[in-house]
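Trainee: In this note's numbering, the protein residues as written are 129 to 418.
The following block contains the structure, expressed as structure tokens.
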């Protein structure tokens, strides 16, 4: 019994260990999933930020065209385009400053924005010169300057700078999108692997628990059988009755289907059944008829 108790205790300790390992794997999977989720959220924000910068670059380039259009319209038609021209100047200044805020964490883009502002100031200074000439009544001078396209040099530099910024942002978008996809795949594979390991440990835990319960039930049955056998021996006065009670007690407590007691018949030199027990009486005759 001492050895059996020791075996049961060892079994129980193994169950506890498996349970703790399975719990640790589940916790680890949750931690890994949480960390990857944070990383994915951060990458998603970076991708969204890159799209925002690209959209702002498109809007800035469009606003530059609006300034040019309003300038030419003011030179040719005069007052009708003065309002749109002033409005376009305000909008483009706001957009460039917004670009500066969006790209403040990128040294290369900060340099691009700085040069963009410098070129934009030159372009706006040129536009103001044309507007001043037109406002003072020097329409021929304003038309001459406009037709000569002296502002194209500034405008082309602005567009080139915007193009450079767009190329860099698209490169960043490719890198960030790739990183987002890679991290998504890595998270799925890692969590799936840890989940499978956890599931395997849980299944092993269930099987081990069933084995433990079966072993515990067997041990309890043996303990009960020992007690009942001792009581049957103490209460019985006839050997045959005692054997029959002991046999039935052992079979019932240990969940045996049948049992028999055999002894040697020295007269005939064979074994003979002195007592038998069977859960199914119909089978008893077939088993022990001979």
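All C-beta atoms in this analysis are idealised placements derived from N, C-alpha and C, irrespective of residue type, glycine included.
1) Do the stretch 332-346 and the stretch 176-186 meet, that is, are 3 or more Cβ pairs less than 8 Å apart?
2) Could you check which residue in 260, 346 and 186 has the C-alpha nearest to that of residue 382?
3) Using only the alpha-carbon positions, how far apart do residue 279 and residue 289 sit?
4) Once the 5 residues before and after residue 147 are set aside, which same chain residues still bring their CB inside 8 Å of it?
5) So what does DSSP say about residue 397, is it helix, strand or coil?
6) Quick one: what's got a C-beta closer than 7 Å to residue 329's C-beta in the same chain, skipping five residues either side?
7) Rounding to the nearest angstrom, what Cα-Cα distance links residue 400 and residue 390 in this structure?
8) Using a Cβ-Cβ cutoff of less than 6 Å, which residues in the same chain neighbour residue 374 once the five nearest sequence positions on both sides are dropped?
9) For the putative contact between residue 224 and residue 231, defined by C-beta atoms under 8 Å, what is the C-beta separation to the nearest angstrom?
10) Below 8 Å on the Cβ atoms is my contact criterion, and I expect residue 307 with residue 171 to pass it. Report the Cβ-Cβ distance as a whole number of Å.
11) For residue 376, report the span of its alpha helix (DSSP H) as first-last.
12) Does DSSP classify residue 352 as helix, strand or coil?
13) Comparing alpha-carbon positions, which option in 377, 379 and 314 lies nearest residue 162?
14) Assign residue 317 to buried or exposed, taking buried as 16 or more other Cβ atoms, counted over all protein chains shown, within 10 Å of its Cβ.
15) Residue 310 to residue 144, Cα distance in whole Å?
16) Whole angstroms are fine: how far does the CA of residue 376 sit from the CA of residue 366?
17) Rounded to a whole number of angstroms, what is the C-alpha to C-alpha distance between residue 327 and residue 140?
18) Under the rule that 16 or more other beta-carbon atoms within 10 Å means buried, what is residue 157, buried or exposed?
19) How would you call residue 396, buried or exposed, if buried means at least 16 neighbouring beta carbons within 10 angstroms?
20) Residue 182 and residue 296: beta carbons closer than 7 Å?
Mentor: So, from the listed chains and residues:
1) Pairwise C-beta distances place the stretch 332-346 out of contact with the stretch 176-186, as fewer than three of them are shorter than 8 Å.
2) 346
3) Low confidence applies here, because residue 279 scores a pLDDT of 48, under 50, leaving its location unreliable; read the following figure in that light. Straight-line measurement puts the Cα of residue 289 at about 16 Å from the Cα of residue 279.
4) 333
5) coil
6) 146, 149, 150 and 153
7) Going by the C-alpha atoms only, they are around 5 Å apart.
8) 357 and 360
9) Not really, about 11 Å apart at Cβ, beyond 8 Å.
10) 6 Å
11) 367-381
12) helix
13) 314
14) Exposed, since its Cβ has fewer than 16 Cβ neighbours within 10 Å.
15) 37 Å
16) 16 Å
17) 20 Å
18) buried
19) exposed
20) Taking 7 Å as the Cβ cut-off, residue 182 and residue 296 do not qualify as a contacting pair.
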